[in-house]
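Chemist: Numbering of the sequence shown is given in UniProt numbering, commencing with residue 1 and proceeding in unit increments. A virtual CB, placed ideally from N, CA and C, is assigned to each residue, including glycine.
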Amino acid sequence: MEFKISYNQVDTDIVVMGEFEDSKQVIELIEILDLPKNKKINITFLGANVIPKIVLERLFILQEREKCVVFVLKRYLYSYLQNIGIKCKCIEKNCTLKKENRKLSDKKESLDKEEVYSFLKELNIIYGYDYTEYQIDSIMRRINIAMIKEGICNFNSFREQVLSNENFFYNLFLDFSINTTEFFRDPNVFALIKTKILPYLNSYNHIKIWCAGCSNGKEVYSLAIMLKEAGILNKTQIYATDINPYVIEEAKNGIYSTDSLDKDISNYRNAQGEKNFVEYFSINRSYMKVKEELMKNILFFQHSMISNGTLNEFNLILCRNVFIYFNDSLQEKMLESFNNSLDNNGFLVLGKSEGIQRNNGEKYFCKYDEKLKIYKKK
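1) Please classify Asp13: does DSSP put it in a helix, a strand, or coil?
2) With DSSP run on the structure shown, which of helix, strand or coil describes residue 401?
3) Please state whether the Cβ-Cβ distance between Ile243 and Ser177 is less than 9 Å.
4) Please report the residue range of the beta strand (DSSP E) in which Lys377 lies.
5) Which residue marks the beginning of the alpha helix (DSSP H) containing Ile209, and which one marks its end?
6) On a CA-only basis, which of Phe155, Asn83, Glu182 is nearest Val116? Give me that one, please.
7) Is Met288 helix, strand or coil by DSSP?
8) Taking Lys373 as the reference, which of Lys296, Gln357, Gly351 has the closest Cα?
9) Does the distance from the CB of Ile41 to the CB of Lys67 come in under 9 Å?
10) Which of the three DSSP states is assigned to Thr195 in this structure?
11) Run through the segment 229-304 for me and flag every whole beta strand (DSSP E) of 3 or more residues, listed as ranges in chain order.
12) For the segment 328-337 and the segment 270-289, state whether three or more C-beta atom pairs, one from each stretch, are separated by less than 8 Å.
13) Is Glu370 buried or exposed, if buried means 16 or more other CB atoms sit within 10 Å of its CB?
14) Could you name each continuous alpha helix (DSSP H) segment of 4 residues or more that falls completely within the segment 312-356, going from the start of the chain to the end?
15) Should the segment 156-174 be called in touch with the segment 138-147, which here means at least 3 C-beta pairs below 8 Å?
16) Within 8 Å: the Cβ of His206 and any heavy atom of the ligand GDP?
17) Out of curiosity, what's the CA-to-CA distance linking Phe158 and Glu28?
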């Protein structure tokens, strides 16, 4: 969808078509939002999945003044805005589950693993996303969820729609993407990184870190806080990647809800944070924004660990709670890739339910702290 902004001055209706692609488009919208108005603004986003930070902040201000009603088409944007505290109305029919669709779970056919695997191969051919070595039971659960949302109880009908309609695939892609995270998740892991790994890395003139599967950026900014407190953020380059391009834009914005602030502060303290967690954010009524000092050494970009190959010469790689969605064969391929991406004596951090026992990872890594799933390149 080509980007376009239309504005009806009489009714104060603004319609934004497509995704934001450059700063000129952002400035154009900001100028319209800043025009003096006596009536409420109705702004509709058609096509956008994530909105730039400066636009989000304007919407917050307008809604605090009760001067703005927001409508969105895309499911991802609807969830994103709701999560950070911007009230919006979804104009997509499947944005929320209808009662009749919930009942479809009782009517739908059982999925056949061979048919699903064949479907995954077709997805890779048509859309370029390879899910063939993901845990098949997890994939089947998510297909079931997607079918209920779409109101389709027959798998072959669902398959035809996804393969022929990019919008159906878009929704399935979101259901396949897992973005659960939090600041300083598993604080003991960050405490060990702070007390043992960062002092070791400090001996290097330049440090390179890769956060693979970075989700919405909370883990990345947690790491940046640790690096700043260790006095080595300025000589560190962090590469933060995820297969989902929309979650990458969300991470770049660095805007989060304050609903979990108490948990964030607790995690930070348990990770042996030295200061006040909120010092690293600009705190507003319903959201908090990461300060620029943490962002300057982070490069966020879309990347598939499966399809896009290795990134080289890292001292530390974090890939936490991603392997649980891969089968053992794919896990081994990823461990080989991480081995090739690490400098000598580099570290790999996996999730608490992951490891190197079932996937021949001991060919590439030795245990550094098995309990916390931290390994070192052989």
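Modeler: If we stick to the structure as given:
1) Reading the sequence shown from its first residue, position 13 is the one you call residue 13. If DSSP states are grouped into helix, strand and coil, Asp13 belongs with the strands.
2) In the structure as shown, the chain begins at 1 and stops at 378. Residue 401 is therefore absent and cannot be evaluated.
3) As a first step, residue 243 must be located in the sequence shown, where it is residue number 243. As a first step, residue 177 must be located in the sequence shown, where it is residue number 177. Contact flag set, yes.
4) Here residue 377 refers to the residue found at position 377 of the sequence shown. Here the beta strand (DSSP E) through Lys377 covers 374-377.
5) Residue mapping note: residue 209 aligns to position 209 of the sequence shown, counting from 1. Counting along the chain, Ile209 falls outside any alpha helix (DSSP H), though it belongs to the beta strand (DSSP E) covering 207-212.
6) Taking the sequence shown and counting its residues from 1, the one referred to as residue 116 is at position 116. Measuring C-alpha to C-alpha distances from Val116 to each of Phe155, Asn83, Glu182 identifies Phe155 as the nearest.
7) The residue you call residue 288 lines up with position 288 of the sequence shown. The answer is strand: DSSP assigns Met288 an E or B state.
8) Position 373 of the sequence shown, counting from 1, holds the residue named residue 373. If we check each option's Cα against that of Lys373, Gly351 comes out closest.
9) Position 41 of the sequence shown, counted from the first residue, corresponds to residue 41. Position 67 of the sequence shown, counted from the first residue, corresponds to residue 67. Less than 9 Å divides the Cβ of Ile41 from the Cβ of Lys67.
10) The count along the sequence shown starts at 1 and reaches residue 195 at position 195. Residue state, collapsed to three classes: helix.
11) Runs found: 236-242, 255-257, 281-283, 287-290, 298-302.
12) Look at the beta carbons and you see the segment 328-337 not touching the segment 270-289: under three pairs across the two are nearer than 8 Å.
13) Here residue 370 refers to the residue found at position 370 when the sequence shown is read from its first residue. A residue is called buried when at least 16 other Cβ atoms come within 10 angstroms of its Cβ; Glu370 does not meet this threshold and is exposed.
14) List check, alpha helix (DSSP H) in window: 328-341.
15) The segment 156-174, when compared against the segment 138-147, does touch it at the 8 Å Cβ threshold.
16) Absence of the ligand GDP from the depicted structure is noted, as is the absence of any ligand whatsoever, leaving it without description.
17) Taking the sequence shown and counting its residues from 1, one reaches residue 158 at position 158. Taking the sequence shown and counting its residues from 1, one reaches residue 28 at position 28. Linking Phe158 to Glu28 through their CA atoms gives a straight-line distance of about 40 Å.
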